[in-house]
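In UniProt numbering, the protein residues as written are 1 to 339.
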């Protein structure tokens with residue numbers, strides 16, 4: 001794994017892939033020499049134009065080439081600089097506790113959760129087991145069945161499907177890798193044929209399942225790499241479809257037929273004195289599951305913070321019906337709504 005120390009101009013890109021491409025281009029010897037000569041010429045031309053101005057005190061511009069480090073070299077560099085590492089690596093070693101452990105071993109401070117919390121939260125089964133201890137507070141996790149991917153590949157899919165829906169008591173399933181972040185490999189399965197398509201995609205190591213390949217409409221499904229050792233199957237929970245209608249002057253369309261709406265709520269504070277932030281409602285553009293692009297890529301996905309009052313009144317009413325007997329749950333208020 002390689003790390004780059006980036007110049008400001010290289011960072012000014014829309015995606016990490018574009019930043020990496022700019023790094024590789026910038027350090028290419030011929031390109032680097034040309035850029036250096038061009039930069040020198042531009043600076044000299046600007047100096048000639050400004051040197052007679054009384055207000056001009058010279059340039060304070062540095063734009064070094066990206067520098068490449070190994071992981072070990074980069075951590076050593078961070079330690080020598082007495083830096084606090086802001087971890088923004090999505091997935092992999094940035095979320096599973098590996099990077100956190102390496103930094104701790106060298107005494108380098110960093111942001112975010114520690115090794116144990118990172119390792120637990122990256123493993124969906126471990127996370128569920130940890131949350132199961134909170135059932136007395138009204139926090140529950142959904143039923144699930146964990147299967148070895150290799151075993152499924154050698155079984156008949158109709159038999160696996162019948163076993164799963166009988167055990168989980170549902171008609172459709174949500175499948176996901178046991179250890180991966182975000183929406184990677186998450187899909188809704190409505191039949192044994194869908195299961196066969198999904199498992200075949202894993203077997204063939206294809207990077208993504210094209211839109212609408214499965215029986216129910218969906219967007220692009222990014223697949224995990226390498227193939228996960230275990231898969232988690234859960235009953236698929238249908239939430240209300242909330243869309244932004246382009247035909248109705250960008251108005252929100254919500255029919256309120258189901259008892260579930262999907263929201264994100266951030267919390268801040270220390271243990272025992274946590275405070276909730278305003279909920280955020282994410283509107284899916286297609287299918288039942290948010291794509292990686294909708295979650296992270298700029299210009300995609302719609303987030304409403306706070307959600308519209310009509311939706312919050314519904315959530316508020318249902319919320320109090322559920323927790324009326326739980327005195328330990330403290331509601332919070334904002335100027336927009338109470339929850």
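Cβ atoms here follow ideal geometry from the backbone N, Cα and C, with glycine treated the same way.
Keep in mind the model is a prediction, meaning the values are calculated, not measured.
- Helix, strand or coil: which one does DSSP assign to residue 217? Taking the first residue of the chain shown as position 1, residue 217 is located at position 217. The answer is coil: DSSP assigns residue 217 none of H, G, I, E or B.
- Evaluate contact between the region 225-232 and the region 171-180, counting only Cβ atoms and requiring at least three cross-stretch pairs below 8 Å. yes
- Task: Tell me, please, whether the region 108-120 touches the region 194-205 by the rule of three or more beta-carbon pairs shorter than 8 Å.
- Result: no
- How big is the Cα-Cα spacing for residue 23 and residue 75? Residue 23 sits at position 23 when you count from the first residue of the chain shown. Residue 75 sits at position 75 when you count from the first residue of the chain shown. If I take the Cα positions, the gap works out to 20 Å.
- Drop a sphere of 10 angstroms on the beta-carbon of residue 188, count the other beta-carbons inside from all chains shown, and report buried for 16 or more, exposed for fewer. Indexing the chain shown from 1 puts residue 188 at position 188. Label assigned to residue 188: buried.
- Message: In this structure, how does DSSP classify residue 116 when only helix, strand and coil are distinguished?
- Response: In the chain shown, counting from the first residue as 1, residue 116 sits at position 116. Three-state result, residue 116: helix.
- Message: Please report the straight-line C-alpha distance between residue 123 and residue 35, rounded to a whole angstrom.
- Response: As a position in the chain shown, residue 123 is number 123, starting the count at 1. As a position in the chain shown, residue 35 is number 35, starting the count at 1. Going from the Cα of residue 123 to the Cα of residue 35 covers about 45 Å.
- Query: Assuming residue 266 and residue 277 make a contact with CB atoms under 8 Å, what is their CB distance in whole Å?
  - Reply: Position 266 of the chain shown, counted from the start, is the residue given in the question as residue 266. Position 277 of the chain shown, counted from the start, is the residue given in the question as residue 277. Going by Cβ atoms, the distance from residue 266 to residue 277 rounds to 4 Å, so yes, they are a contact pair.
- Item | Whether residue 234 touches residue 144 by CB criterion (9 Å) | Position 234 of the chain shown, counting from 1, holds the residue named residue 234. Position 144 of the chain shown, counting from 1, holds the residue named residue 144. Yes. Within cutoff.
- Quick one: what's got a C-beta closer than 8 Å to residue 203's C-beta in the same chain, skipping five residues either side? Working through the chain shown from its first residue, we reach residue 203 at position 203. Answer for residue 203: 153 and 227, listed in chain order.
- DSSP three-state assignment for residue 303, whether helix, strand or coil: Walking along the chain shown from the start, residue 303 turns up at place 303. DSSP, read as helix, strand or coil, puts residue 303 in strand.
- Would you kindly report the start and end of the unbroken beta strand (DSSP E) that includes residue 270? Here residue 270 corresponds to residue number 270 of the chain shown, with the count starting at 1. It is not in any beta strand (DSSP E) - residue 270 carries neither H nor E in the DSSP assignment.
- Which value, in whole angstroms, describes the spacing of the CA atoms of residue 80 and residue 107? For this step, residue 80 is matched to residue 80 along the chain shown. For this step, residue 107 is matched to residue 107 along the chain shown. Cα to Cα, the separation comes out at about 11 Å.
- Query: Using the C-alpha atoms, what's the distance from residue 46 back to residue 28?
  - Reply: The count along the chain shown starts at 1 and reaches residue 28 at position 28. The count along the chain shown starts at 1 and reaches residue 46 at position 46. Cα to Cα, residue 28 sits roughly 27 Å from residue 46.
- For residue 53, I'd like the list of residues in its chain whose CB is within less than 6 Å of its CB, leaving aside the five on either flank, ordered along the chain. The residue given as residue 53 occupies position 53 in the chain shown. Closer than 6 Å at the Cβ level, and outside the excluded window around residue 53, lies no residue.
- Query: residue 90 to residue 16, Cα distance in whole Å?
  - Reply: Position 90 of the chain shown, counted from the first residue, corresponds to residue 90. Position 16 of the chain shown, counted from the first residue, corresponds to residue 16. A direct Cα-Cα distance of roughly 11 Å separates residue 90 from residue 16.
- Length-filtered (3 minimum) beta strand (DSSP E) runs lying within the region 16-70: 67-70
- Query: For residue 118 versus residue 95, is the C-beta spacing smaller than 9 Å?
  - Reply: Taking the first residue of the chain shown as position 1, residue 118 is located at position 118. Taking the first residue of the chain shown as position 1, residue 95 is located at position 95. Yes, the pair counts as a contact, with Cβ atoms nearer than the cut-off.
- Query: Quick one: what's residue 263 bridged to in DSSP?
  - Reply: For the purposes of this step, residue 263 is taken as residue 263 along the chain shown, with counting starting at 1. 281.
- Query: Hey, quick one: how far does the alpha helix (DSSP H) through residue 173 stretch, first residue to last?
  - Reply: Against the chain shown, residue 173 aligns to sequence position 173. Residue 173 -> not in any alpha helix (DSSP H); beta strand (DSSP E) instead, spanning 173-177.
- When DSSP labels each residue in this structure, what does residue 189 get in the three-state scheme? Reading the chain shown from its first residue, position 189 is the one you call residue 189. Three-state DSSP puts residue 189 in a strand.
- Would you grab the beta carbon distance between residue 10 and residue 66 for me? Rounded to a whole angstrom, and I think it's under 8 Å. Numbered from 1 along the chain shown, position 10 holds the residue referred to as residue 10. Numbered from 1 along the chain shown, position 66 holds the residue referred to as residue 66. Rounded, the Cβ-Cβ distance is 6 Å, consistent with contact.
- Query: Do you know offhand how far residue 92's Cα is from residue 44's?
  - Reply: Counting from 1 along the chain shown, the entry for residue 92 is found at position 92. Counting from 1 along the chain shown, the entry for residue 44 is found at position 44. Looking at the two C-alpha atoms, the distance is approximately 45 Å.
- Item | When 254, 236 and 237 are compared against residue 243, the one with the closest alpha-carbon | For the purposes of this step, residue 243 is taken as residue 243 along the chain shown, with counting starting at 1. Closest by alpha carbon: 254.
- Query: In terms of residue numbering, what span does the alpha helix (DSSP H) encompassing residue 165 cover?
  - Reply: Along the chain shown, read from residue 1 onward, the residue named residue 165 stands at position 165. 157-168 is the span of the alpha helix (DSSP H), which, as asked, contains residue 165.
- For residue 83, does the count of other Cβ atoms within 10 angstroms reach 16, so buried, or fall short, so exposed? Mapped onto the chain shown, residue 83 falls at position 83. If you draw a 10 Å sphere on the C-beta of residue 83, you find fewer than 16 other C-beta atoms in it, and that means exposed.
- Short check: CB of residue 172 to CB of residue 190, under 9 Å? As a first step, residue 172 is located in the chain shown; it is residue number 172 there, counting from the start. As a first step, residue 190 is located in the chain shown; it is residue number 190 there, counting from the start. Cβ distance < 9 Å, so residue 172 and residue 190 count as in contact.
- Task: Under 8 Å Cβ to Cβ from residue 169, same chain only, skipping five residues before and after it: list those, please.
- Result: Within the chain shown, numbered from 1, the residue matching residue 169 stands at position 169. Only 143 and 235 meet the Cβ criterion.
- For residue 224, name the three-state secondary structure that DSSP assigns. Indexing the chain shown from 1 puts residue 224 at position 224. Assignment of residue 224 by DSSP, reduced to helix, strand and coil, places it in the coil class.
- Take the Cβ of residue 174 as the centre, count every other Cβ of all protein chains shown within 10 Å, and call the residue buried at 16 or more, exposed below. The residue you call residue 174 lines up with position 174 of the chain shown. Burial call: buried.
- Do the CB positions of residue 193 and residue 207 come within less than 9 Å of each other? Along the chain shown, one-based indexing puts residue 193 at 193. Along the chain shown, one-based indexing puts residue 207 at 207. No, they are not a contact pair.
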